[in-house]
Amino acid sequence: MSIVTVAHIRKLFGQKVAVSDVSFEVQAGEVFGLLGPNGAGKTTTIRLILNIFPLDGGRIEVLGGPLNKSTADRVGYMPEERGLYPDMRVLDCLVFLGRLKGLDKATAKQRALGYLERLEIGDQQRTKIGQLSRGMTQKVQVIAAILHQPDLLIIDEPFANLDPINAALVREVILELRDKGKAVIMTSHQMGLVEALCDRIGLINKGKVVLEGKVSEVRRQFASHVLRVSGQGHLEMGLGGVAHVQHLPSGEWDLFLTVETSTQAVLAQLIQQGFILDRFEVALPSLDEIFVRVVKESNSAVA
């Protein structure tokens, strides 16, 4: 079931094109990673989905139609710019925000206390928001977005300011929502967490979608471009112009093939350089590597 449909949307600010012909869908029970470099159009796209900005073209459907008051109450949103009330106590703030989303006071309090304990900040319930650390404030913001169990959760950089332990706690809560059939859209520059959390990704650059698909399929799509080799000898960084060489801490090398380069051409260069090959395999590139490659190729195409 499609929870969000984005079809050929466009947004301009004056003469500047912020989003141009962006399309994707987000299904129930999946986490969709909306990725891209700074200024690519991710946050603008999110604000268009939430009807914060009006569209200049295209169509967006949320929960079966245009976003309205009834469907807005079924959406949870954590913006990149944090907006909690600094003089309110943590529990009071969460109960207040939960009631704004339609929860009764008792339910809002019960859920807030439960999530505070799960995210290991139960002892901060009477602390004023403004006295919390940045990481604690981040976790309170996550709770505020999910307290009413939204059918669609949109979270902009949810892991900023979080150490690995607290990031794992937040990840667990997000996956629990997904497993209940909720849809999640998230942005993040932490590709390791994206890889562990997202079912599908869409990569935006300069306001356009330049890559979309399941994480596993995207990695396989780019696997033919990376060879991992081990052996004896020294490899030149350019490998005769057929591949970029990266030496790994394990003692192996990753060879990033240039466009139109075949495996046979790489092996020929290895032999020519006197490298004694023990093993080679097609390597699945990380999302970090794919991100850099696709953005560079997209920028080159525009230039």
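Read in order, the letters of the sequence shown are residues 38 to 340 in this note's numbering. A virtual CB, placed ideally from N, CA and C, is assigned to each residue, including glycine.
| E385: which of L190, A149, E118, Y114 sits nearest, CA to CA? | Outside the shown range of the chain (38 to 340) lies residue 385, about which nothing can therefore be said.
| task | Just grab the DSSP bridge partners of M115 for me. | result | I192, per the DSSP bridge assignment.
| field | Candidates G70, D129, M38: closest to A233 by CA position | value | G70
| query | For the 8 angstroms Cβ check, are there 3 or more pairs between the segment 41-59 and the segment 224-233? | reply | no
| message | Is it buried or exposed, F50, if we count other Cβ atoms within 10 angstroms and call 16 or more buried? | response | exposed
| field | Between the CA atoms of I192 and M223 - distance to the nearest angstrom | value | 5 angstroms
| task | Entirely within the segment 61-100 and at least 4 residues each: give me those alpha helix (DSSP H) ranges in chain order. | result | 79-86
| task | Take every Cβ of the segment 202-222, pair it with every Cβ of the segment 155-164, and state whether three or more of those distances are shorter than 8 angstroms. | result | yes
| V43, DSSP secondary structure in three states | strand
| message | Please list the terminal residues of the continuous beta strand (DSSP E) segment that includes M223. | response | 220-224
| task | Under 7 angstroms Cβ to Cβ from A280, same chain only, skipping five residues before and after it: list those, please. | result | L292, F293, L294, T295, T298, V303
| field | Inter-residue spacing [alpha-carbon to alpha-carbon] between Q283 and R265 | value | 10 angstroms
| How should Y114 be labelled, buried or exposed, when 16 other C-beta atoms within 10 angstroms of its C-beta is the threshold for buried? | buried
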